[in-house]
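What follows is one structure encoded as structure tokens, with my remarks underneath.
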Amino acid sequence: MNLELRRIQIRDVVFDDVNKIENNVLYLIKSSLIELIKEDKKIKEVDFDIAKPGQSVRILPVKDVIEPRAKLNGEIFPGIFKEHMEESGSGITYVLSGCAVVTTGPIVGFQEGLIDMEGPGAEYSIFSKLINIVMDITKENYVDHHEHEETVRIAGIKLAKFIGEIGLSCEAYEAETYEWKSIGEKYAEYPSLPKVVYVYNCMSQGLLHDTYFYGRDSKYIVPSLVTPLEVMDGAIVSGNCVSPGSKTTTYHHLNNAVVKELLNKHGKELNFMGIILNPLMITLKEKYRNCMMSLKYAKMLGAEGAIISQEGFGNPTTDLMVTCQYLEKAGIKTVIITNEDAGIDGMSESLPDSVTEAKAIVSTGNSNATIMLPKVDKIIGRLPEIAKTTGGNVESIQDDGRLLVEIHGIMGSHNLQGNTYLSAMTI
Amino acid sequence: MKKIVFYTNQFFGQIGGEDKAYTEPQFHEGAVGNAKAFDGKLDDAEIIATFICGDNYYVENMDAVKNFIKGQLKDIEFDFFIAGPAFNAGRFGIACGDVCKFIKEEYNVQAITGLYEENPAVEMYKKDIYILRVGKSAAGMRKAVDIMAEFTNKLQRGEKLGSPTEEQYYASGKRINVFKEKNGAERAVEMLLKRLNNEKYETELEISVYEKVEPAPPLKDLKSAKIALCTSGGIVPLGNPDHIPAATAKIYGMYDISQKDRLSEGEFESVHAGYDPVYANKDPNRVAPLDLLRKLSDEEVIGEVYPYLITTTGNSTSVADATRMGKEIAEKLSEDGVDGVILTST
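Heads up: the protein sequence lines correspond to chains A and B, in order. Heads up: the first sequence begins at 10 in my numbering, then just goes up one per residue. Heads up: the second sequence begins at 823 in my numbering, then just goes up one per residue.
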């Protein structure tokens, strides 16, 4: 399987009267975007804005962030728009780097977060460094919670695909090529390198806690083998999951940091054998089954080492720990990536569950730590919603307009695929 | 020039040995006793005063000694406080830890000491103050003074501290956020490669092993038992009157349910951010089953239902906060003569 990613670096985004990319500037016709999104009759109103790094702008409540991508002669985000689908991960895919689609609007649930485009909050989010095309969606009154989530999710993906397709005629790209061979070929190719697998945990627990695999709810799959190339082509889409800081957005899935690093080292220091997509379920019975199956696949792939990335916290910590325990007991050396909930003062135990086998942990920071964010000139979305979101509360908005939040409230602050520089240490 | 105040005991203050352990606190201007060992080692700072106190006197009269110190320091401005080092000396170690903690809280200046790792005062005070890692006995004085002086200079310069191991102090156990040069995924792959190559690696989080909570023995007589309903599922009266946060709750609410047969839609709701609340909002009894408890009470399977629903959101709540809330709730329920609790999670 071969995939060519054609990366177009976007250095500015402007509304204009033509949809095009010229000199790395993305031009968009606002009315064409509105028309596209309003094809869905469940959407009452939609508006667009652009937020750029360095601007005194705060976006909230953010539901998802998606990188614009499109396939030449194929379909990006397979299974989302049509019943019929083709396996993704081969051919040519265009990527509009440096920009993203951000969905906002009235809150669906507590799991939506904020993005600051400058100031101390911007240091915590990879999205603060992107030019964000912000879509503010208001649903029709009759649309219920579950439909609301779906409507906003699909609108975001649709817009990312639409904008991605503007890139298809652009020639100013840099190409990266990826190759993914069969298990047997890999064994033969690098017999002396340690064989490594990636256990890719994804939330599968209901409204705002779901993941979509080829457009289908991951609650209804058992752990599955996927390729890194499928991931890059949008086989995995976020159901706007979990709390903002530990949410794996669709952007994170498309640019999975663990996949990227394992591919970097593949054939040099390790032999990357495959990815096991592991849905994090709500019942203990399902957790045990999925952990068992993840181990089974790891063994089938000949794993000597494994990385487990996490999504969410609390009950998913059990999935993380049990999988780690199973792998270690089978002699597979394992490193896990997790955040911590060590309390506002950092003095509490960090995780709600543990196994002694978890002896190699990468921490993406204490999500309970608080940060005072300065007042900004412009809010895109709705500031008062901070009272209801994870990381915020009724006392978050200060009299002088500043905002006191836990870093949990900042989108992607402690991303559990390790797509953040944040960590924690004991002093 | 920064001003430093010093504390030492009767032995290092050159008053005498164990026979002088009841010496009352004394105040001296300038550096006295082992404070002199810091001469020439402190950058742009001098020891302007020394307190000396007998070890027995200190530990038996802690408040009196601190009052004395407070009185003496009334008109003195100072920037830093050094006590000890006390090596493995138990009483002296406690005196150093206690006086440093007091100075830090009272005067808002840094106060440090140096102790041997087995000194019980390390565990008692490492959460409050910087305790430098020094040798077991006074034979290690020169090295201890070097470590403490260097650390003092670093803090005075306002320099960013390295890890506790690098700086040679006992970690307080506090987790602080830091930004690293490589992202988490890069660090994870690096750590895995080290493990696969049997090289030394360092985990970023030492795993804690938790105390196992033993299930309580069954109630002997259910028919006369008073049963309370308690949930970490975030079921609160509509509008969330106590503003219980959607995650990281540090509070719980108690709501009168004595007049209710069930928790009705539109009267109660879920404010928990960790699960899909749609079904709980439709029927809050799904999370906090008051309807079933009432049925059991009517059928005389249980004695009575405690009149309050106790609620918090168990979502990203730190173990420390959860433990504290659990204790508070248990005390309240014990006082009110509750025999058993149905505790639901989500």
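Where is the CB? At the ideal position from N, CA and C, for every residue including glycine.
Within chain B, the residues that residue i reaches when beta carbons sit closer than 7 Å
i, result
"residue 363(A)", "1029, 1030, 1031, 1032"
"residue 356(A)", "995, 996, 1142"
"residue 397(A)", "1068"
Closest by C-alpha distance to residue i, when choosing among the options
i, options, result
"residue 159(A)", "256(A), 378(A), 218(A)", "218(A)"
"residue 175(A)", "236(A), 149(A), 27(A), 233(A)", "27(A)"
"residue 346(A)", "374(A), 236(A), 223(A)", "374(A)"
"residue 357(A)", "1117(B), 892(B), 1141(B)", "1141(B)"
"residue 952(B)", "920(B), 886(B), 1107(B)", "920(B)"
"residue 298(A)", "199(A), 403(A), 232(A)", "232(A)"
"residue 344(A)", "370(A), 291(A), 83(A)", "370(A)"
"residue 265(A)", "318(A), 277(A), 137(A), 296(A)", "318(A)"
"residue 30(A)", "132(A), 172(A), 354(A)", "172(A)"
"residue 1075(B)", "1097(B), 1086(B), 1134(B), 1061(B)", "1134(B)"
"residue 93(A)", "391(A), 417(A), 225(A)", "225(A)"
"residue 426(A)", "379(A), 269(A), 391(A), 312(A)", "269(A)"
"residue 937(B)", "1010(B), 946(B), 954(B)", "954(B)"
"residue 1089(B)", "1095(B), 1104(B), 1100(B), 1098(B)", "1104(B)"
"residue 930(B)", "912(B), 903(B), 890(B), 836(B)", "903(B)"
"residue 1015(B)", "113(A), 102(A), 312(A), 261(A)", "312(A)"
Cross-chain neighbours of residue i in chain A, by beta carbon under 7 Å
i, result
"residue 1084(B)", "None at all; the shortest Cβ gap to chain A is about 22 Å."
"residue 857(B)", "Under the 7 Å cutoff, chain A gives no residues; its nearest Cβ is about 27 Å from residue 857(B)."
"residue 1137(B)", "323"
"residue 1002(B)", "430, 432"
"residue 1035(B)", "Here the premise fails: no neighbours, minimum Cβ distance about 13 Å."
Nonlocal neighbours in the same chain, by C-beta distance under 6 Å from residue i, ignoring five residues either side
i, result
"residue 918(B)", "905, 906, 908, 935"
"residue 188(A)", "11"
"residue 42(A)", "57"
"residue 77(A)", "105, 169, 172, 173"
"residue 89(A)", "166, 224"
"residue 1155(B)", "1050"
Within-8 Å CB hit, residue i to chain A
i, result
"residue 1109(B)", "no"
"residue 1023(B)", "yes"
"residue 1065(B)", "yes"
"residue 1166(B)", "no"
"residue 975(B)", "no"
"residue 893(B)", "no"
"residue 1095(B)", "yes"
"residue 1009(B)", "yes"
"residue 946(B)", "no"
"residue 1122(B)", "no"
Neighbourhood of residue i by C-beta distance below 7 Å, restricted to the same chain and skipping five residues each side
i, result
"residue 833(B)", "839"
"residue 107(A)", "18, 19, 20, 139, 140"
"residue 940(B)", "910"
"residue 157(A)", "117, 148"
"residue 215(A)", "none"
"residue 944(B)", "937, 953, 992"
Own chain residues within Cβ distance below 8 Å of residue i, not counting five before or after
i, result
"residue 301(A)", "335"
"residue 996(B)", "949"
"residue 120(A)", "217, 218, 249, 250, 251, 252, 253, 256, 398, 399"
"residue 973(B)", "934, 952, 954, 989, 990, 991"
"residue 1164(B)", "1049, 1050, 1051, 1052, 1111, 1115"
Short CB-CB distance (under 8 Å) between residue i and chain B
i, result
"residue 373(A)", "yes"
"residue 216(A)", "yes"
"residue 381(A)", "no"
"residue 143(A)", "no"
"residue 403(A)", "yes"
"residue 407(A)", "no"
"residue 120(A)", "yes"
"residue 285(A)", "no"
"residue 262(A)", "no"
"residue 307(A)", "no"
"residue 272(A)", "no"
Cross-strand partners of residue i (DSSP beta bridge)
i, result
"residue 850(B)", "872(B)"
"residue 935(B)", "905(B), 953(B)"
"residue 831(B)", "875(B)"
Neighbour list for residue i in chain B, Cβ cutoff strictly below 8 Å
i, result
"residue 443(A)", "Examination of residue 443(A) is not possible in this model, given that chain A is present from 10 through 436 alone."
Proximal chain A residues relative to residue i, where beta-carbon distance stays under 8 Å
i, result
"residue 1105(B)", "None at all; the shortest Cβ gap to chain A is about 15 Å."
"residue 986(B)", "435, 436"
Cutoff 8 Å: residue i Cβ touching any chain C Cβ
i, result
"residue 1113(B)", "Given the protein chain composition of this structure (A and B), no chain C is represented."
Chain-ordered neighbours of residue i on chain B, where CB pairs are closer than 9 Å
i, result
"residue 203(A)", "1014, 1015, 1018, 1019"
"residue 279(A)", "1011, 1014, 1015, 1018"
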